[in-house]
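Asks: Dropping a structure here in structure tokens format, bear with me for questions.
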Amino acid sequence: MRSVDRRRVSSPLVFAVLGGLSAFGPLCMDMYLPGLPELSDDLSTPAWAAQATISVCLAGLAAGQIVAGPISDARGRRGPLLAGVGLFTLSSLLCAVAPNIVILLVLRLVQGLAGAAGIAIARAIVRDRHDDPTHAAREFAILTVISGVAPILAPSLGGAILEVGDWRAIFVVLAGLGLVLWLGTWRGIPETLPPAERHGGGLAQTGHAIATLVRDRRFVGLSLACGLSFAAMAVYIAGSPFVLEDLHGLSPTVFAIVFGVNASGLIAASWIGRLLVARVGAPALLGGGQAMQVAGGALVLAAVVAGLGLAPLLAGLFLVVSATGVLVPNATALAMADHPDMAGSASGLLGLAAFGLGALLAPVAGVAGESALPMAIAIFAAATGGAIALRGLR
48 MRSVDRRRVS SPLVFAVLGG LSAFGPLCMD MYLPGLPELS DDLSTPAWAA
98 QATISVCLAG LAAGQIVAGP ISDARGRRGP LLAGVGLFTL SSLLCAVAPN
148 IVILLVLRLV QGLAGAAGIA IARAIVRDRH DDPTHAAREF AILTVISGVA
198 PILAPSLGGA ILEVGDWRAI FVVLAGLGLV LWLGTWRGIP ETLPPAERHG
248 GGLAQTGHAI ATLVRDRRFV GLSLACGLSF AAMAVYIAGS PFVLEDLHGL
298 SPTVFAIVFG VNASGLIAAS WIGRLLVARV GAPALLGGGQ AMQVAGGALV
348 LAAVVAGLGL APLLAGLFLV VSATGVLVPN ATALAMADHP DMAGSASGLL
398 GLAAFGLGAL LAPVAGVAGE SALPMAIAIF AAATGGAIAL RGLR
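The opening position of the sequence shown corresponds to residue 48 in this note's numbering, with each subsequent residue numbered one higher.
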């Protein structure tokens with residue numbers, strides 16, 4: 048361990064704050080979904096413009112990580128993290144009072160860029176704390192549980208807020224959450240990158256770090272495996288409400304139960320992986336998670352193409368979601384293990400891959416209208432693509 052107080056770095060508050068930072072993506076994306084129709088009416092803007100507020104935030108979450116990560120390599124983790132979380136809090140509050148759609152779009156982009164700092168630097172802090180990828184994988188498993196369950200719970204939280212307020216109240220709540228995380232960061236997160244281990248910063252140094260990572264075939268393979276697993280999850284979140292409710296006739300209550308069961312699978316898989324990683328190793332768990340997700344994607348595709356019915360489809364989706372809980376933390380730990388001197392940059396590239404691939408594949412779920420086939424193809428393609436990239440590039 049570096050010259051860092053281990054007692055402070057290992058406190059429960061640290062885990063709570065890092066978990067909250069990792070959930071910035073679903074919190075500022077999915078909690079906001081139930082308020083889109085009301086926003087469109089209130090700002091007298093077409094539906095496509097209201098939906099664009101999601102796209103620009105997602106773009107900020109993807110691009111911001113490749114900026115925040117290298118900055119934290121040069122300036123340390125704590126200062127950039129406090130600045131990012133502070134800007135997220137302020138931009139969320141300003142979103143709540145945005146007078147028109149143009150200003151809201153700009154503020155949502157800023158909100159995404161700021162939230163990205165929390166996501167990227169949280170991963171870098173875990174890497175700083177553990178040189179052993181086995182230990183890092185155990186902590187990444189906890190973050191995966193939080194970031195995986197958050198998109199499932201966030202829409203329900205947003206709907207509950209709309210029962211007592213309007214769409215602007217959702218941003219007030221996001222600002223409140225941001226403030227809590229800022230205080231938690233200020234109080235509980237120590238500096239984990241000593242000055243002696245920082246680089247000089249600047250565009251040249253950042254470009255050199257990114258070029259080094261991109262030339263590392265092992266890092267690229269692990270990043271694609273992690274990113275495509277995240278993308279499969281994004282396709283599931285985007286497409287399953289339509290497929291299960293409209294095509295298979297599930298009621299909203301039953302659909303919520305299915306989502307809950309799948310979330311439980313992700314939690315269980317992450318926790319089991321956390322317990323087993325010291326015994327079997329992160330590479331073995333990564334291979335097992337990859338095989339599980341490919342099998343789940345194949346079952347989803349077979350159920351749709353062959354018309355096998357609801358039960359095989361649900362079983363396949365359960366495998367796909369559960370596999371994420373094993374695959375992502377171990378792929379992340381292994382990808383960052385070889386680059387302790389540029390952990391922020393590595394974290395930024397991992398985030399760019401995950402959110403970028405998720406943004407590209409999630410809309411595919413609805414391109415064919417009343418058909419589940421696009422969702423099934425996209426999930427299977429993401430799972431098998433990750434497996435191919437991992438095997439070929441490593």
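All residues carry an ideal CB built from backbone N, CA and C; glycine is no exception.
Would you kindly report the start and end of the unbroken alpha helix (DSSP H) that includes Arg245?
Replies: Element bounds for Arg245: n/a, residue is neither H nor E.
Asks: Report the CB separation of Ala169 from Leu68 in whole angstroms; it is logged as a contact under 8 Å.
Replies: Going by Cβ atoms, the distance from Ala169 to Leu68 rounds to 4 Å, so yes, they are a contact pair.
Asks: To the nearest angstrom, how far is it from the Cα of Val132 to the Cα of Leu260?
Replies: 26 Å
Asks: Buried or exposed for Val341, going by 16 or more other Cβ atoms inside 10 Å?
Replies: buried
Asks: Work out the CA separation of Arg245 and Met48 for me, nearest whole Å.
Replies: Because the pLDDT of Met48 is 40, which lies under 50, any placement of that residue in the model is unreliable, and the question is left without a value.
Asks: Under a three-way DSSP split, which group does Asp175 fall into?
Replies: helix
Asks: Within 10 Å of its beta-carbon, does Asp293 have 16 or more other beta-carbons around it, so buried, or fewer, so exposed?
Replies: exposed
Asks: Would you say Ala94 and Ile148 are within 8 Å of each other, going by their C-beta atoms?
Replies: no
Asks: What residue range is occupied by the uninterrupted alpha helix (DSSP H) comprising Pro299?
Replies: Pro299 to Val327
Asks: Would you decide whether Ala325 is buried or exposed? Buried here means 16 or more other CB atoms lie within 10 Å of its CB.
Replies: exposed
Asks: Please classify Ile236: does DSSP put it in a helix, a strand, or coil?
Replies: It is coil, neither helix nor strand.
Asks: In the structure shown, what three-state DSSP assignment does Glu85 receive?
Replies: In this structure, Glu85 counts as helix in the three-state DSSP scheme.
Asks: Suppose the cutoff is 8 Å on Cβ atoms and the five residues either side in sequence are ignored; what does the same chain contact list for Phe71 look like?
Replies: Leu108, Phe135, Gly162, Ala163, Gly165 and Ile166
Asks: Assuming Leu269 and Leu381 are in contact, meaning their beta carbons sit under 8 Å apart, how far apart are those beta carbons, in whole angstroms?
Replies: With 8 Å as the limit, Leu269 and Leu381 qualify as a contact, their Cβ atoms being about 5 Å apart.
Asks: With three or more C-beta pairs closer than 8 Å as the rule, is the stretch 231 to 239 touching the stretch 114 to 126?
Replies: Look at the beta carbons and you see the stretch 114 to 126 touching the stretch 231 to 239: at least three pairs across the two are nearer than 8 Å.
Asks: For the putative contact between Pro347 and Leu332, defined by C-beta atoms under 8 Å, what is the C-beta separation to the nearest angstrom?
Replies: Going by the sequence as given, residue 347 is Val instead of Pro. In fact, because the Cβ distance is near 22 Å, the residues do not count as touching under 8 Å.
Asks: Please classify Ile118: is it buried, with 16 or more other beta-carbons within 10 angstroms of its beta-carbon, or exposed?
Replies: buried
Asks: Sorted by chain position, which residues of the same chain lie with C-beta nearer than 8 Å to Gly231's C-beta, five sequence neighbours on each side aside?
Replies: Leu60, Ala63, Val64 and Gly67
Asks: Among the candidates Ala370, Arg174 and Leu437, whose CA atom is the shortest distance from the CA of Ile319?
Replies: Ala370
Asks: Nearest to Ala197 by CA position, among Val282, Gln337, Leu74 and Pro127, is which residue?
Replies: Leu74
Asks: Within 10 Å of its beta-carbon, does Ala430 have 16 or more other beta-carbons around it, so buried, or fewer, so exposed?
Replies: buried
Asks: Please tell me whether Pro81 and Leu190 are closer than 8 Å, where the distance is taken between their beta carbons.
Replies: no
Asks: Could I get the ranges of all uninterrupted beta strand (DSSP E) runs contained in the stretch 413 to 438, with 3 residues as the minimum, in chain order?
Replies: none
Asks: Could you say which of Leu360, Pro84 and Ile284 lies nearest to Gly206 if we only look at CA atoms?
Replies: Pro84
Asks: Contact defined as beta carbons within less than 8 Å: I believe Ala285 pairs with Leu404. What is the distance between those atoms, to the nearest angstrom?
Replies: About 13 Å separates the two Cβ atoms, so there is no contact after all.
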